[in-house]
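Undergrad: Be aware that the sequence shown starts at 12, since it is given in the working numbering, and climbs by one per residue.
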Amino acid sequence: MQNSTQSVRRALTMLKAFDCATPPLGVTELAARVGLHKSTAYRLAVTLVAEGFLRQDPDTGRYSLGDSLYRVAAGFVEQDPLLRAGRPVLEALRDACGHMVSLAVLDEEQALFVQVIEATLPIRAAAMAAGDRLPLSVSAAGKVLLAGLPRHEAEAVLRRQGMPRLTPASVVSRQRLMREIAAIHRDGIGWSREEAVTGLLALAAPVQRAGRTVAALSMACPTNLLRARSPDQLARRLRQAAHELSSRLHE
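#1: Using the Cα positions of E164 and A221, report the straight-line distance between them to the nearest angstrom.
#2: Hey, how far is the Cα of R259 from the Cα of A96?
#3: Check the DSSP bridge columns for Q67 and list the partner residues they point to.
#4: Closest by CA to H261, which one among A140, L93, V182?
#5: Could you tell me the alpha carbon to alpha carbon distance between R187 and G109, rounded to whole angstroms?
#6: Once the 5 residues before and after S150 are set aside, which same chain residues still bring their CB inside 6 Å of it?
#7: I'd like the list of long-range same chain contacts for E102, defined as Cβ closer than 7 Å, with 5 residues on each side in sequence excluded.
#8: As an exercise, report each continuous alpha helix (DSSP H) stretch of at least 4 residues that is fully enclosed by the stretch 87 to 172, in chain order.
#9: Find the nearest neighbour of A140 within the set R248, D243, M25, A231, judged by alpha-carbon distance.
#10: Which residue comes first and which comes last in the beta strand (DSSP E) that contains M189?
#11: Is the beta carbon of A158 closer than 8 Å to that of I200?
#12: Please report the residue range of the beta strand (DSSP E) in which A226 lies.
#13: Measuring CA to CA, which of D106, V168, K154, A52 is closest to L214?
#14: Please say whether R250 and A216 have beta carbons closer to each other than 8 Å?
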């Protein structure tokens, strides 16, 4: 039983090695990424290919995620109450403002974007996809998720994860970030001003269930485009949408 449990854990770890930004991996790269011996990684990869969870390019021998995961993911989207309730709210918000909107949750002490609705405006923010991750300290959604934690937990997360500088504007002062979190508690909106991507401004609002922040609803657009519009008006729309989604989760 122990060996079977270990094999399952290792197989799941291998699947987690792939994300939206990961190119197809050879068995040597895959083994190094997950910390397994090459022969062990190869045996697990063969099984995952046979079950459709990985696919192997016949020309290069490299591995990528397989179709079985799409079926599992589709079932999850249909059954998960947050994603099911979130899509119509996100689509309505995108249609009202024209900007890219997304939904993020706290996962492994990062902001994991689980739903993304593309912008309709011709001038768009940098591309983002469901499955992308950002550090909590530089993303608007991440700051909102941090604000949803007790202060001692938020500070512990920052000590463990650090505060990476992704752009010259990234906040790397813990004191400044805690002031921003206090502002989120006061105003219900978190901001990222070119801190994750140069030229990109994002704002986010908490989605709550039973008095607890379970997700962050965010909106992103090019900085110069937001300057031409009213940030306060967009923040108000975003808060309203987050409140609507929170209400749907209570139904």
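No residue lacks a Cβ here, since even glycine has one placed at the ideal position from N, Cα and C.
TA: According to the data block:
#1: Against the sequence shown, residue 164 aligns to sequence position 153. Against the sequence shown, residue 221 aligns to sequence position 210. Taking the straight line joining both Cα atoms gives about 19 Å.
#2: Taking the first residue of the sequence shown as 1, we reach residue 259 at position 248. Taking the first residue of the sequence shown as 1, we reach residue 96 at position 85. Distance between the alpha carbons of R259 and A96 is about 6 Å.
#3: As a working mapping, residue 67 is identified with position 56 in the sequence shown. Beta-bridge pairing links Q67 to Y74.
#4: Working through the sequence shown from its first residue, we reach residue 261 at position 250. For the residues A140, L93, V182, the minimum Cα distance to H261 belongs to L93.
#5: As a first step, residue 187 is located in the sequence shown; it is residue number 176 there, counting from the start. As a first step, residue 109 is located in the sequence shown; it is residue number 98 there, counting from the start. Whole-angstrom Cα-Cα distance: 31 Å.
#6: In the sequence shown, counting from the first residue as 1, residue 150 sits at position 139. Result list for S150: A122, S203, A207, in chain order.
#7: Counted from its first residue, the sequence shown places residue 102 at position 91. Excluding positions up to five away in sequence, the list reads I128.
#8: 92 to 108, 151 to 158, 162 to 172
#9: Position 129 of the sequence shown holds residue 140. Comparing Cα-Cα distances from A140 to each of R248, D243, M25, A231, the minimum goes to A231.
#10: Within the sequence shown, numbered from 1, the residue matching residue 189 stands at position 178. No beta strand (DSSP E) contains M189, which is instead part of the alpha helix (DSSP H) from 185 to 198.
#11: The residue you call residue 200 lines up with position 189 of the sequence shown. The residue you call residue 158 lines up with position 147 of the sequence shown. The answer is no: Cβ separation not under 8 Å.
#12: As a working mapping, residue 226 is identified with position 215 in the sequence shown. Here the beta strand (DSSP E) through A226 covers 223 to 233.
#13: Position 203 of the sequence shown, counted from the start, is the residue given in the question as residue 214. Answer by Cα proximity: K154.
#14: As a first step, residue 216 must be located in the sequence shown, where it is residue number 205. As a first step, residue 250 must be located in the sequence shown, where it is residue number 239. Yes, these two residues count as a Cβ contact at 8 Å.
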